[in-house]
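So for the sequence shown, full-length UniProt numbering puts the first residue at 1; every next one is plus one. Glycine residues also receive a C-beta, built at the ideal position from the N, C-alpha and C atoms.
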Amino acid sequence: MAHQSVAADETDIDGTDTDGTDTDGIDTDRTTGGHVTDSERSIEMDALSLTYADGTHAVEDVTLSVPQGEFFGFLGPNGAGKTTTIKVLATLLEPTSGTVEVNGFDVVRDRTAVRASIGYMAQETSIDTELTARENLMFACDAYGVPRDDRARRIADLLNLVDLADVADTPAGNFSGGMKKRLDAATALVHDPDLVFLDEPTTGLDPQARNRLWEYFRRINAGGTTVFLTTQYLEEADHLCDRLAVIRDGRIVADGAPDELKRRVGGDILELEVGGDRAESAGEPVDAAADIVRETAAVEPSATVETTDDAIRITARDAGDLGPDVLLALRDADVPVTGFDVTEPTLDDVFLAIAGDSADGLDGTTETVDAAATEEASGEDAAATEQTSGDTETGRTAEDDNAVQGTEVEA
């Protein structure tokens, strides 16, 4: 297994007791774990840099702070420095320069203390497929030094949390890809860490399995555990994270709440479908109406107006606020509006804003990101189209049932 063998805190995992008093398996009233010191920050990075032996600058001058209890997302294309940063935070790589503290402990001087206070779920599962789910969790308890008197209850709690209690004694080799990921998540939580690292945890899973993992991650965070997530699935970060940072070529190019980053892209999009006598007399209905729209939208410096064959698109920080004035101007010009829609930017737009050949970064720099990362993430999402049917009573799926009967299901 990939987990480090370290001395663990003796705090119990709060949650589902053997009498079933809390079916979530997590105490959502918990505000801090058992390891965090007086620091109010789970992560403090100051000018972190890491250069490999071949001279590759994997991470350069990264300064970042993550408060306790935050669900934090770390985004970027392949090779941007996401996994390298996580490995430094998890004490698996030593930084070249800069200072890094995790849960109040220095990652170089206090490696054992750091490891005892974190969980780490890597991109590839670290479970032993020849062992049962229960045996894998027992092995993780040994690795983390969980007190023997606490192990049975902790394992029961976690099996309930990830909906594997009914297959606890089934070899993990018979599990589907989604079930293996859920078991892997449980092993990362067996010692009740204050901070858990999730390194692209849902890559390769079908949409249903991914959504189920999202729910488990939300429960973990609701219990007070800080979550540090790396992902290429932008909708995943949008749904789960309180705050995001975007890394490109080893440097942070954007940092903020998802909605804040979207606002920095350039605002809402107002789309109009138009027609009418004045427009038709000009021979080019949309272009004629667009001139009226441009005159009206000129009061907003950030506004841009574009046309398609049958529509006008206004992009502005507050495009929706321009709507009434634009509609009134078109009405006065006898140009009827046959369609009206306002949409907000998405995290895809955030990535595209950073990725454009001449676009500024979201922090005002001129650095850019390769748009292929977004396309790859979208391609993976589209490729993962295996459909499964759920059981509303147990949370089990047809994929789960097929897997435990001896046929491994490829996600």
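- In the three-state DSSP reduction, Y144 falls in the helix class (H, G or I).
- Beta bridge pairing from DSSP links Y120 with F197.
- Classified as buried, Q68 has 16 or more neighbouring CB atoms from the shown chains inside 10 Å of its CB.
- Between N136 and T170, the C-beta gap is not smaller than 9 Å, which leaves the two residues out of contact.
- Within the same chain, Cβ atoms closer than 6 Å to the Cβ of T129 are found at A172, G173, the five residues on either side in sequence being excluded.
- Between the segment 112-130 and the segment 147-165 there are fewer than three inter-stretch CB-CB distances shorter than 8 Å, so the stretches are not counted as touching.
- For H191, the closest of T202, D157, E295, K181 by C-alpha to C-alpha distance is D157.
- Contact annotation, G256 with R317: C-beta distance approximately 15 Å; criterion of less than 8 Å not satisfied.
- In the assembly as shown, N78 is an exposed residue. Its beta-carbon has fewer than 16 other beta-carbons within 10 Å.
- In the three-state scheme derived from DSSP, where H, G and I count as helix and E and B as strand, D163 is classed as coil.
- Comparing alpha carbon positions, the residue from D194, A237, P324 closest to T203 is A237.
- The C-alpha of E271 is placed about 11 Å away from the C-alpha of A290.
- Just measuring C-alpha positions, the residue of I252, R251, G323, L229 sitting nearest D242 is L229.
- Counting only unbroken stretches of 4 or more residues, the alpha helix (DSSP H) elements lying wholly within the segment 169-223 are 177-189, 207-222, in sequence order.
- The beta carbons of L261 and V350 sit about 5 Å from each other, so the pair counts as a contact at 8 Å.
- Contact between V196 and V227 is confirmed by a C-beta separation of about 6 Å, below the 8 Å threshold.
- Straight across, the Cα-Cα distance linking L234 with F175 is about 27 Å.
- It is roughly 13 Å from the alpha-carbon of R313 to the alpha-carbon of V337.
- Residue environment analysis places D194 among the buried positions, since at least 16 neighbouring C-beta atoms fall within 10 angstroms of its C-beta.
- Note on T56: under 16 other CB atoms within 10 angstroms of its CB, so exposed under the neighbour-count rule.
- DSSP places I252 inside the beta strand (DSSP E), whose first and last residues are 251-256.
- In this structure, the alpha-carbon of F139 lies about 25 Å from that of A209.
- In the DSSP annotation of this structure, L48 is not part of any alpha helix (DSSP H); the continuous beta strand (DSSP E) holding it starts and ends at 41-51.
- Pairing D321 with E300 gives a Cβ-Cβ distance under 9 Å.
- Rounded to whole angstroms, G178 and D199 show a C-alpha spacing of 15 Å.
- The Cβ neighbour count for R148, taken over all protein chains shown within 10 Å, is under 16; the residue is labelled exposed.
- In terms of Cα proximity to T346, the closest of A80, I269, A143 is I269.
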